[in-house]
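Report on the following structure.
Residue numbers (my numbering), protein chains in the order written: chain A, 4 to 262; chain B, 359 to 611.
Okay, structure coming up:
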């Protein structure tokens with residue numbers, strides 16, 4: 004009953020009253036990410052120095068490897084759920100898309116990109132943290148207390164968000180559905196490649212166990228793939244003209260409208 | 359890969375119910391934080407992995423390497439973002455936006471991680487600032503409206519002022535101390551006292567050898583050399599900005 008009444012209200016609500024952007028959802032999503040990563044950071048504070056120094060110890064297995072497995076499970080579920088939802092609810096008739104709805108979808112795309120970039124921020128936070136840990140503590144495993152939130156936490160999360168952004172654009176916005184956007188592909192694929200690059204990173208670290216220089220050539224792969232994030236400018240350059248076009252057409256219609 | 363037109367023709371008839379000003383305001387609210395976050399995140403990753411060691415620790419902030427490699431590495435994103443913001447939005451703030459974002463990310467990390475987690479004192483791990491050089495770079499672009507002049511004069515200024523812009527923070531750490539009969543700087547002493555097990559002293563890349571015999575001239579020579587390379591790097595990264603802000607579409611991947 005309540006659901007029916009709510010639906011009726013929404014239908015009766017004019018498009019002017021409908022928000023162009025769902026800010027509570029965007030802020031809520033960013034808050035969820037923040038809670039997850041702040042929790043991981045807090046966990047590090049309590050258990051990194053006490054149980055995270057020796058990967059052969061029982062305490063390490065119980066306190067750190069379980070976190071790793073939990074992350075893998077949650078990330079798998081999140082990726083399947085989000086990507087599955089975006090694909091299943093895709094627009095199968097984009098040709099009939101109303102311009103006002105197209106505008107809203109551009110706003111939602113920017114919101115998806117915000118989530119993506121926010122997740123990249125957390126990866127950056129844990130990346131520099133990785134320096135202070137490994138320049139201070141000698142590693143004896145790739146699954147260290149700083150790597151678990153970084154390589155296997157923040158990186159998969161921003162990959163999920165990046166792919167979700169791309170999927171959203173491909174399935175709901177005509178401009179991006181008709182052809183592949185080159186900057187979008189680079190902005191998603193480049194940072195994605197940081198995760199496979201972890202393999203090279205860990206392989207290389209087996210040669211330089213004791214000496215840790217953070218600006219070593221071994222880390223250059225991460226640098227190059229981070230540059231790809233600059234392509235976000237290209238995505239915006241593709242989206243903004245269309246948004247302005249839609250909005251300006253709106254202005255022209257208002258001018259010629261009979262009184 | 360086959361190329362496709364930039365955008366296929368679409369229906370542009372917008373119903374009159376959405377106020378265009380509302381659209382533009384919403385865009386502003388979303389894009390400003392979005393651009394700031396992406397620049398600061400990517401730039402911070404770039405900085406920490408190319409010149410991070412010199413920036414993390416005071417005892418790496420020397421007169422030969424730090425002031426050469428840091429400006430050279432840090433002029434990259436400002437040059438690229440300057441192109442995007444000036445060319446597409448006529449905003450002469452690209453360099454400043456980059457370094458303010460970078461500094462913000464660095465201070466958060468140094469405070470919560472280096473100090474809050476690994477327990478190094480903040481006066482040992484404070485980040486260097488490139489804000490003076492960034493303001494100059496943006497000013498040169500705004501006044502000259504020329505990428506060529508910005509690269510030559512702004513790039514040189516960027517490299518030259520880096521050390522001097524940081525001097526108020528750094529000076530105290532370069533004071534000499536006599537520690538058990540050995541002459542060293544306060545920064546050196548910090549490095550010896552706060553042990554970095556994974557980064558032993560012998561891999562510290564700082565001034566040594568004959569350049570020390572230049573005495574007081576080490577800093578100007580290094581700063582001038584840094585400025586020279588910064589000029590070249592500016593143009594390389596200007597074109598990186600052009601390349602990475604492509605608006606191409608392709609039909610298949």
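The beta-carbon is built from N, C-alpha and C at its ideal position, and this holds for glycine as well. Source: prediction; values computed, not measured.
Taking C-alpha positions only, residue 164 of chain A is separated from residue 141 of chain A by approximately 33 angstroms. Put simply, the backbone Cα of residue 582 of chain B is about 26 angstroms away from that of residue 217 of chain A.
According to DSSP, residue 200 of chain A shares a beta bridge with no other residue.
For residue 534 of chain B, the enclosing beta strand (DSSP E) starts and ends at 534-537. In this structure, the beta-carbon distance from residue 468 of chain B to residue 483 of chain B falls below 8 angstroms. For residue 221 of chain A, the three-state secondary structure derived from DSSP is helix. Under the three-state reduction of DSSP, residue 607 of chain B is assigned to strand. Residue 606 of chain B reaches chain A at 185, counting residues in chain order whose Cβ is nearer than 7 angstroms.
Assigned with DSSP and collapsed to three states, residue 542 of chain B falls in strand. Under DSSP, residue 184 of chain A takes part in a beta bridge, and its partners are B:607.
Going by DSSP, residue 446 of chain B is part of the alpha helix (DSSP H) stretching over 434-447.
With contacts defined by Cβ atoms closer than 8 angstroms, residue 487 of chain B and residue 499 of chain B do not form a contacting pair. Interface flag for residue 218 of chain A against chain B is set, since a Cβ pair is found closer than 8 angstroms. Residue contact with chain A for residue 452 of chain B: absent (no Cβ-Cβ distance below 8 angstroms to any residue of chain A).
With fewer than 16 neighbouring CB atoms inside 10 Å of its own CB, residue 210 of chain A falls in the exposed class. Going by beta carbons, residue 453 of chain B and residue 479 of chain B fall outside the 8 angstroms limit. Counting only residues of its own chain and dropping the five nearest sequence neighbours on each side, residue 189 of chain A has a CB closer than 7 angstroms to the CB of 231, 234. For the pair residue 460 of chain B and residue 402 of chain B, the CB atoms are nearer than the 8 angstroms cut-off. Annotated three-state conformation of residue 416 of chain B is helix, per DSSP. For the set B:470, B:442, B:503, B:475, the Cα lying nearest the Cα of residue 605 of chain B is the one of B:442. Under the 10 Å beta carbon count, residue 446 of chain B is surrounded by fewer than 16 other beta carbons and is classified as exposed. Using a Cβ distance threshold of 8 angstroms, residue 240 of chain A and residue 118 of chain A do not count as a contacting pair. Residue 120 of chain A sits close to residue 399 of chain B, with the two beta carbons spaced by under 8 angstroms.
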